[in-house]
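Numbering (our numbering), first residue to last: 277 to 785.
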């Protein structure tokens with residue numbers, strides 16, 4: 277519990293208005309608030325020595341109106357009116373009548389003060405931590421939700437008089453970027469008749485002429501892929517570049533040709549894109565507001581690993597993730613070990629479904645796959661694959677101990693990285709550039725030079741290396757985001773996680 281700061285007096289306070297602590301306790305009892313909320317009130321007002329936060333003697337402080345605008349802005353872009361408090365809004369609507377302030381009695385002013393503080397707590401929890409009615413485990417999301425300090429956030433709002441809120445909002449910066457794009461889509465939705473684009477040709481490419489091309493150009497211009505408006509029906513090189521940009525943003529093969537798949541994507545309703553952004557903004561409320569250390573982020577629908585150094589993006593690489601039958605789990609952990617020339621301990625399910633049937637058909641199956649049987653569990657052999665160039669884990673793996681038995685690793689199947697949709701594994705995450713990641717993780721250890729890492733990967737002898745400082749790993753699931761170049765990206769909902777959260781988020785809308 278925050279101690280009462282008695283150094284704050286009328287002579288040095290933000291406002292001349294104070295109230296008695298017993299009035300707060302009566303209010304808490306009357307409203308029957310639980311201990312968590314009651315203690316938020318006590319902490320906030322103890323630190324202020326019970327001076328008002330929202331009012332001066334001649335009317336509301338500027339931050340009161342700024343907060344109400346923040347709340348109403350959130351309701352408008354999120355479509356979530358569950359936190360709207362008509363009583364608080366009515367008080368502030370009636371305080372200014374004909375441009376003149378209407379004074380409140382002392383008792384009504386205190387009631388408005390405490391009601392506004394409670395409203396801020398409700399707003400902060402929903403807008404920055406997400407909907408608490410959404411059970412993240414039910415939604416297959418096992419990264420712990422972030423917790424925010426509503427009292428500290430309110431202190432900052434008061435101290436800054438409601439200004440420059442974005443500089444201390446407890447929300448990830450990617451949330452703000454996605455919110456800006458969402459507002460752009462709302463503007464397009466209001467002003468545009470989003471009719472289906474129909475082509476009589478199987479594909480459109482440079483040099484073609486068609487009436488629909490003008491409409492395609494207009495749509496790409498609205499979406500920001502085509503820089504300048506163009507009403508002609510000719511497929512130009514400029515249009516090809518715009519189509520490629522659109523395809524890249526949607527994780528498609530970027531050939532610049534408008535085939536059936538690209539046309540279908542262009543015809544997806546704006547409302548569907550808006551819902552996808554809202555779903556991902558909800559997820560972004562759950563994640564840490566900022567990570568200033570090194571960390572790795574695997575975005576499953578993007579099939580990418582993003583490597584961050586001191587909170588800044590350092591590099592990306594393509595990955596292969598679990599198939600739709602063997603989903604890669606959404607969770608977080610700490611990467612602690614690099615294992616060069618690893619053994620692969622074959623999972624029991626693979627032994628039953630692949631190895632044992634193979635052994636029945638081919639008596640040399642184990643030897644041909646560079647495997648060995650190290651024991652038996654009942655009638656099931658315990659199988660591992662020896663280190664080597666054809667080992668299923670490749671030449672190096674990266675361990676972050678977890679109950680899902682998921683890790684990052686090399687692979688001999690390099691051809692899979694040529695696919696645009698890379699969901700092929702049994703759940704683990706295969707890396708396109710594993711040596712680059714090993715060099716990054718061991719860069720602080722002078723004994724692990726590039727030649728030493730290369731030699732260890734090719735040695736054929738398993739070697740564990742403990743990383744000096746464990747690195748956070750987030751295996752996430754984002755189907756809409758704004759990248760470091762400011763481009764809005766979308767990806768397919770490969771595991772159906774968006775569909776699950778949509779049922780909860782939009783069931784009453």
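For every residue, glycine included, the Cβ atom is placed at its ideal position computed from N, Cα and C.
For the pair residue 529 and residue 766, the Cα-to-Cα distance works out to about 14 Å. Closest in C-alpha terms to residue 678, from the list 607, 645, 618, comes 607. The beta carbon of residue 350 sits closer than 6 Å to the beta carbons of 403 from its chain, once the five residues preceding and following it are set aside; these are given in chain order.
Within a 10 Å sphere around the beta-carbon of residue 705 sit 16 or more other beta-carbons, which makes this residue buried. Under the three-state reduction of DSSP output, residue 765 falls in the strand class.
If only complete runs of 3 or more residues are kept, the stretch 561-613 shows the beta strand (DSSP E) at 571-575, 580-585, 588-598, in order along the chain. The beta carbon of residue 279 lies closer than 7 Å to those of 322 in the same chain, with the five residues before and after it left out. Non-local C-beta neighbours of residue 758 in its own chain, meaning closer than 8 Å and more than five positions away in sequence, comprise 450, 453, 454, 456, 457, 764, 765, ordered along the chain. Sorting 355, 370, 324 by C-alpha distance to the C-alpha of residue 341 places 370 at the top.
With 16 or more other Cβ atoms inside 10 Å of its own Cβ, residue 670 counts as buried. A distance below 6 Å between beta-carbons, with the five flanking residues on each side excluded, links residue 577 to the following residues of its chain, in chain order: 755, 767, 770.
With fewer than 16 other CB atoms across the displayed protein chains lying within 10 angstroms of its CB, residue 311 is exposed. For residue 687, the closest of 604, 532, 701 by C-alpha to C-alpha distance is 701. Less than 8 Å separates the beta-carbon of residue 782 from that of residue 551.
When only Cα atoms are considered, residue 645 and residue 727 end up about 28 Å apart. For residue 426, the enclosing alpha helix (DSSP H) begins and ends at 426-435.
A contact between stretches requires three or more CB pairs, one per stretch, nearer than 8 Å, and the stretch 558-568 fails this requirement with the stretch 491-502.
Partner residues in the beta bridge of residue 657, as assigned by DSSP, are 652.
Considering only 594, 573, 596, the residue with the shortest C-alpha distance to residue 585 is 573.
If you compare the alpha carbons of 417, 460, 394, 690 with that of residue 426, the shortest gap goes to 394. Per the DSSP secondary-structure output, residue 740 pairs in a beta bridge with 615. For residue 297, the enclosing alpha helix (DSSP H) has its first and last residue at 297-307. In the DSSP assignment, residue 473 falls outside any alpha helix (DSSP H), carrying neither H nor E.
Taking a cut-off of 8 Å on C-beta distances, the stretch 602-618 touches the stretch 656-673, as three or more cross pairs fall below it.
Judged by DSSP secondary structure, residue 503 falls outside any beta strand (DSSP E); it is assigned neither H nor E. 329 is the residue among 396, 316, 329 whose C-alpha sits nearest the C-alpha of residue 289. Put simply, the backbone Cα of residue 313 is about 17 Å away from that of residue 324. Spatial neighbours of residue 543 in its own chain (CB-CB distance under 8 Å, excluding positions within 5 residues in sequence) are listed in chain order as 472, 473. When only Cα atoms are considered, residue 401 and residue 363 end up about 20 Å apart. Secondary structure at residue 684: strand, using DSSP grouped into helix, strand and coil.
Residue 480 and residue 649 have their C-alpha atoms roughly 56 Å apart. Excluding five sequence positions before and after residue 316, the CB atoms of its chain that fall closer than 8 Å to its own CB belong to 397, 426, 427, given in chain order. Secondary structure at residue 415: coil, using DSSP grouped into helix, strand and coil.
DSSP lists 294 as the bridge partner or partners of residue 327. The bridge partners DSSP lists for residue 706 are 596, 685. Taking the Cβ atoms as the reference, residue 558 lies roughly 22 Å from residue 762, outside the contact range of under 8 Å.
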